[in-house]
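These notes concern the structure reproduced below.
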Amino acid sequence: MPISLLRVYRILLEHYGPQGWWPVARHAGEPGFDKNGYHPNIWRIPKTEEDRWEILTGAILTQNTSWKNVELALVALRAEGISAASDVLSLTESKLASLIRPSGYYNQKAKRLRSFAAWLNARPNPADPPARKELLSLVGIGPETADSMLLYAWNQPVFVVDLYTIRLLTRLSIVSTEEIPMQPIRRYEHVQKSILSRLSRSPVSSQERLRLYTEMHALIVRHAKEHCAARPKCAQCPLGRYCPSQSPSP
DNA sequence: TCCCAGGGGCCGA
DNA sequence: TCGGCCCATGGG
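If you read the first sequence in this note's numbering, its first letter stands for residue 28, the second for the next number, and so on.
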């Protein structure tokens with residue numbers, strides 16, 4: 028029997044502690060926030076429109092990009108006074124591209140950010156969570172970006188799947204590689220469904236679920252960086268004794 | 001120098 | 001439906 032997902036969560040949380048996702052750099056240094064905008068109970072804190080805008084922007088900028096580089100881009104935007112969708116729309120695309128340059132793929136992301144800002148700006152009630160389908164219909168918003176937006180910017184209990192999640196769960200034999208479809212979108216939905224069916228057996232309140240989904244995704248990313256990398260570093264891995272794929276230490 | 005990062009879209013077979 | 005390619009910076 029593979030280890031249960033909830034058990035994985037508890038072990039990772041015990042080992043790494045709360046990750047404080049999604050960071051909001053504009054609050055860096057404020058009480059409870061660290062210098063990069065992380066806060067252990069941030070999922071509980073009501074978000075302002077500026078917070079939401081920063082999270083949504085970060086979700087687009089971090090596509091296939093390390094968060095460090097995204098931070099540089101967010102700093103550049105803030106220095107320019109860009110803190111709302113309407114501000115983005117006031118910039119030319121080339122100006123926007125030059126500001127977000129450190130985050131890579133800047134031409135592509137400038138287009139995506141501008142069209143996203145136009146959509147966001149036209150919404151009657153920005154605090155109202157959009158339908159997932161609607162997000163997916165926008166250029167440059169795929170399933171992972173849409174789900175992180177819903178979870179971290181709109182506090183919707185949605186489980187975010189990423190490459191790390193798939194890697195970890197297959198290594199732990201929680202999901203078998205054979206059953207995973209090849210096509211990216213179907214792959215995503217398959218793993219997400221599989222995860223939900225495993226978690227549904229443990230009844231929790233919607234608040235607890237929000238906390239679980241928020242923290243779980245962040246913990247998996249943390250764990251993938253420190254141990255469960257493409258080239259795994261299995262020594263001292265907190266999940267080592269539960270992992271059939273554990274490689275011998277060099 | 002090579003590899004990787006908090007993905008997504010497009011195109012031809 | 002699929003495989004392959006493109007987008008690009010910065011850090012290890």
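Just so you know, even glycine gets a beta-carbon here, dropped at the ideal spot from N, CA and C.
- Item | Whole-angstrom C-beta distance between Ala251 and Tyr191, which should lie under 8 Å | Their Cβ separation, rounded to whole angstroms, is 4 Å, which keeps Tyr191 and Ala251 in contact under 8 Å.
- Distance, Arg71 Cα to Ala180 Cα: In a straight line, the C-alpha of Ala180 is about 12 Å away from that of Arg71.
- Just checking, does the region 85-96 make contact with the region 106-123 on the three C-beta pairs under 8 Å criterion? Cβ pair count under 8 Å is below three, so no.
- Who are the near neighbours of Val97 in its chain, counting only those whose CB is closer than 7 Å to its CB and skipping five residues on each side? Cβ neighbours of Val97 beyond the five flanking positions: Gly85, Leu88, Thr89 and Ser130.
- Task: Within its chain, find whatever has a CB closer than 7 Å to the CB of Tyr269; leave out the 5 residues flanking it on each side and keep chain order.
- Result: Here the set comprises Ile30 and Leu199.
- Task: Jot down the residue ranges of each uninterrupted beta strand (DSSP E) in the region 166-238, minimum 3 residues, whole runs only, in chain order.
- Result: Fully enclosed beta strand (DSSP E) runs of no fewer than 3 residues are not present anywhere in the region 166-238.
- Span separating the alpha-carbon of Arg53 from that of His66: C-alpha separation (whole angstroms): 12 Å.
- Query: Are the Cβ atoms of Pro170 and Ile212 separated by less than 8 Å?
  - Reply: Contact: yes.
- Message: Here's the rule: buried if 16 or more other CB atoms are within 10 angstroms of the residue's CB, otherwise exposed. What is Arg37?
- Response: Under this definition Arg37 is an exposed residue.
- Message: Measuring only the C-alpha atoms, how far is Leu33 from Leu118?
- Response: One C-alpha to the other measures close to 45 Å.
- Message: Quick check: what's the CA-CA separation for Phe143 versus Leu177?
- Response: Cα to Cα, the separation comes out at about 14 Å.
- Query: Is Gln135 helix, strand or coil when you go by DSSP?
  - Reply: It is helical.
- Evaluate Ala100 with the Cβ neighbour count: other Cβ atoms within 10 Å of its Cβ, from every protein chain shown; 16 or more gives buried, anything less gives exposed. The residue is buried, with at least 16 neighbouring Cβ atoms inside 10 Å.
- Message: Quick test of your reading: Gly64 and Pro50, contact by CB under 8 Å. State the CB separation rounded to the nearest angstrom.
- Response: About 4 Å separates the beta carbon of Gly64 from that of Pro50, a gap short enough to meet the 8 Å contact definition.
- Message: Which residue marks the beginning of the alpha helix (DSSP H) containing Lys160, and which one marks its end?
- Response: Where Lys160 is concerned, the enclosing alpha helix (DSSP H) stretches over Arg159 to Leu163.
- Message: Given this structure, state the Cα-to-Cα distance separating Pro45 from Val187, to the nearest angstrom.
- Response: Those two C-alpha atoms are separated by around 17 Å.
- Task: Return helix, strand or coil for Thr92, following the three-state DSSP convention.
- Result: Under the three-state reduction of DSSP output, Thr92 falls in the coil class, being neither helix nor strand.
- Query: Which term fits Pro277, buried or exposed, when burial requires 16 or more other beta carbons within 10 angstroms of its beta carbon?
  - Reply: Annotation note: pLDDT 47 at Pro277 (below 50); position unreliable, coordinate value reported separately. The residue is exposed, with fewer than 16 neighbouring Cβ atoms inside 10 Å.
- Of the residues Leu126, Lys122, Cys255 and Pro153, which one's Cα is nearest the Cα of Glu77? Nearest C-alpha to Glu77: Pro153.
- Item | First through last residue of the alpha helix (DSSP H) which encompasses Ile38 | DSSP places Ile38 in the uninterrupted alpha helix (DSSP H) bounded by Leu32 to Tyr43.
- Kindly indicate the opening and closing residues of the alpha helix (DSSP H) around Leu126. Residues Glu120 to Leu126.
- Status (buried if at least 16 other CB within 10 Å, exposed otherwise) for Pro157: Here Pro157 is buried: its Cβ has 16 or more other Cβ atoms, across all protein chains shown, within 10 Å.
- Item | Rounded C-alpha distance that separates Glu161 from Gln263 | Cα to Cα, the separation comes out at about 43 Å.
- Task: Name the residue from Glu206, Gln273 and Ala245 whose alpha carbon lies nearest to the alpha carbon of Arg258.
- Result: Selected option, being the one with the closest Cα: Gln273.
- Taking just the CA atoms, how far does Arg159 sit from Asn134? Roughly 25 Å separates the two Cα atoms.
- Residue closest to Gly108, alpha-carbon to alpha-carbon, out of Trp80, Lys260 and Asn91: Comparing Cα-Cα distances from Gly108 to each of Trp80, Lys260 and Asn91, the minimum goes to Trp80.
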